[in-house]
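Residue numbers (our numbering), protein chains in the order written: chain X, 11 to 216; chain R, 11 to 216. No residue lacks a Cβ here, since even glycine has one placed at the ideal position from N, Cα and C.
Protein chains: 2
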Amino acid sequence: MSHTTGVRQAQKQQSRRALMDAALHLLEHQSFSSLGMREVTREAGMSPAGFYRHFRDLADLGVALVEEALASLHEMVRAAFKEQGEPDELIDHAVRVIADHVREHRAHVRFVARERFGGVAPVREAIAAELERFTEEVTQALAAQPVSAGWDRADVRMVAELYVDHMVLTAAALQQADAETERQITATARRQLRLISLGRRHWVSG
Amino acid sequence: MSHTTGVRQAQKQQSRRALMDAALHLLEHQSFSSLGMREVTREAGMSPAGFYRHFRDLADLGVALVEEALASLHEMVRAAFKEQGEPDELIDHAVRVIADHVREHRAHVRFVARERFGGVAPVREAIAAELERFTEEVTQALAAQPVSAGWDRADVRMVAELYVDHMVLTAAALQQADAETERQITATARRQLRLISLGRRHWVSG
DNA sequence: GATTTCAGCAAACAGTTGTTTACTCAATGG
DNA sequence: CCATTGAGTAAACAACTGTTTGCTGAAATC
């Protein structure tokens, strides 16, 4: 067990984490385009030049953050759609899952919400690409539901976009809310989802 | 007519406009928190010190931009709700009004979309306050419609938030779209609004 | 017409920025 | 054990930042 190889890689990855965590921490009070790389390395306890061993750019680090932040979403939706029960119960469950996710990954959520339309093109585009994949996944899940039987694919996709946008916006609102505001937001979100789901059941596609 | 008083104020306001226009122009490629005030004065053709004759802060200028950008919305919604006709026609009209507005005020729309969750607190809060007033206005307009007869005020408000969020998001998407993408976005938006309006008609409040 | 006001300027201020250079020294692999 | 690799450092770089100071000259006031 004394034969340790890969120690070096582990140390490097630890530094990389430190940089990303430092950035994530600083991003709670500012937006990405105002972030300085000296600022990040300072926060991470590293010398400025060391940064270049890990990222070419700050934008490069930003893209890494996007992938990290949105990776967990895919399994989230998969789990949410596997659930079974009354529509209202499914909605309650989905909203609860989102609220939990935000509470556990506040910094990541804030970052995505802020930079979705932010000023740094590579980051913005990475988020768009990831949300696109996400929307496609939701589209497929919705298409498999009995309610969508006989629907145009475009109509299913349209509903998926509505759901995804609503979810992202709810997460963005939750991320900056205290306990009482969180209650209000989730209550409203549940009713909005119920209204949308009502519209779905009465939609005639084609 | 040679007796010119107020010339001074007019010149000052012209410089103020130049500063705001310069900022607005720079904000097409970056976000507000990365904006420098030397950058703004340079773009406006003014010396750095001159800035302080008009604004205390860059944030101060940002808030002024928010008010300018969202001022026109109020008359927009008033006009849209005064219209009469079939629900689908109303939706088509509303979407067209939004698309026109975005085309005519692209920079303002981009600014609001970007800074709604941006990194500069005073700007973010000014947008939130203005959108809140806007949502309240929509709530009242919706409450006056026959469809909302007997509804909880909270339910009406919930629908208003859904509409406003959807409108802002649509505008944000349109602002960075070419002609073909614009067609797709407006087509989707129309269907989404129809689905929501369908949900409204089948909602049982209370 | 003399006096006051005040928008805008030039210059200087101490800090900070991103990037490059030559370096150290521990982990690696033969 | 010895040579190589490469993560992280310290120092220096020109360029830029926001803000203050004293000034100029045209518009405003009396």
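Nearest CA to the CA of residue i: which residue from the options?
i, options, result
"glutamate 77(X)", "Val112(X), Val122(X), Ile195(X)", "Val122(X)"
"threonine 196(X)", "Val107(X), Val174(X), Ser215(X), Val166(X)", "Val107(X)"
"glutamate 38(X)", "Glu140(X), Glu93(X), Gln185(X), Val169(X)", "Gln185(X)"
"alanine 182(X)", "Ala117(X), Val148(X), His103(X)", "Ala117(X)"
"glycine 7(R)", "Leu29(R), Met86(R), Ala89(R)", "Limits of chain R in this structure are 11 at one end and 216 at the other, which puts residue 7(R) out of reach."
"phenylalanine 144(R)", "Ser82(R), Gln19(R), Glu99(R)", "Ser82(R)"
"isoleucine 206(X)", "Arg193(X), Val157(X), Ala189(X)", "Val157(X)"
"alanine 154(X)", "Lys92(X), Asp110(X), Leu68(X)", "Lys92(X)"
"valine 130(X)", "Arg66(X), Asp70(X), Ala89(X)", "Asp70(X)"
"isoleucine 101(R)", "Ala89(R), Arg200(R), Val174(R)", "Arg200(R)"
Go ahead and label residue i buried or exposed: buried means 16 or more other beta carbons lie within 10 angstroms of its beta carbon, across all protein chains shown.
i, result
"glutamine 202(R)", "buried"
"alanine 3(X)", "What the structure shows of chain X is the stretch from 11 to 216, and residue 3(X) is not part of that stretch, so it cannot be assessed."
"serine 57(R)", "exposed"
"threonine 191(X)", "exposed"
"aspartate 162(X)", "exposed"
"valine 17(R)", "exposed"
"threonine 180(R)", "buried"
"threonine 15(R)", "exposed"
"histidine 84(R)", "exposed"
"glycine 46(X)", "exposed"
"arginine 113(X)", "exposed"
"aspartate 165(R)", "buried"
"glutamate 171(R)", "buried"
"valine 214(X)", "exposed"
"arginine 211(X)", "exposed"
Strictly under 8 Å for the Cβ-Cβ distance: is residue i near chain R by that measure?
i, result
"aspartate 98(X)", "no"
"glutamate 177(X)", "The residue asked about is misnamed: residue 177(X) is methionine in this sequence, not glutamate. Answer no: the Cβ-Cβ gap between methionine 177(X) and chain R never drops below 8 Å."
"phenylalanine 127(X)", "yes"
"valine 133(X)", "no"
"alanine 187(X)", "no"
"aspartate 165(X)", "yes"
Among the residues of its own chain, which have a CB less than 7 Å from the CB of residue i, if the five just before and after it don't count?
i, result
"arginine 26(X)", "His64"
"glycine 216(X)", "Asp162"
Could you pull out every residue in the same chain whose Cβ sits closer than 6 Å to the Cβ of residue i, ignoring the five residues on either side in sequence?
i, result
"alanine 32(X)", "Val50, Glu53, Ala54"
"arginine 48(R)", "Pro58"
"arginine 120(X)", "Gln185"
CB-CB under 8 Å to residue i, same chain, minus the five flanking residues each way: which ones, in chain order?
i, result
"glutamate 125(R)", "Ser41, Phe42, Gly72, Val76, Val133, Arg134, Ile137"
Nearest chain X C-beta to residue i closer than 8 Å, yes or no?
i, result
"histidine 228(R)", "The question about residue 228(R) has no answer, for chain R in this structure spans 11 to 216."
"methionine 47(R)", "no"
Secondary structure, alpha helix (DSSP H): runs of 4+ residues fully inside the segment 116 to 148 of chain X: Qualifying alpha helix (DSSP H) stretches, in chain order: 116 to 125.
Every unbroken alpha helix (DSSP H) within the segment 175 to 199 of chain X, with a cutoff of 4 residues, ordered by chain: For the alpha helix (DSSP H) assignment, the segment 175 to 199 of chain X encloses no uninterrupted run of at least 4 residues.
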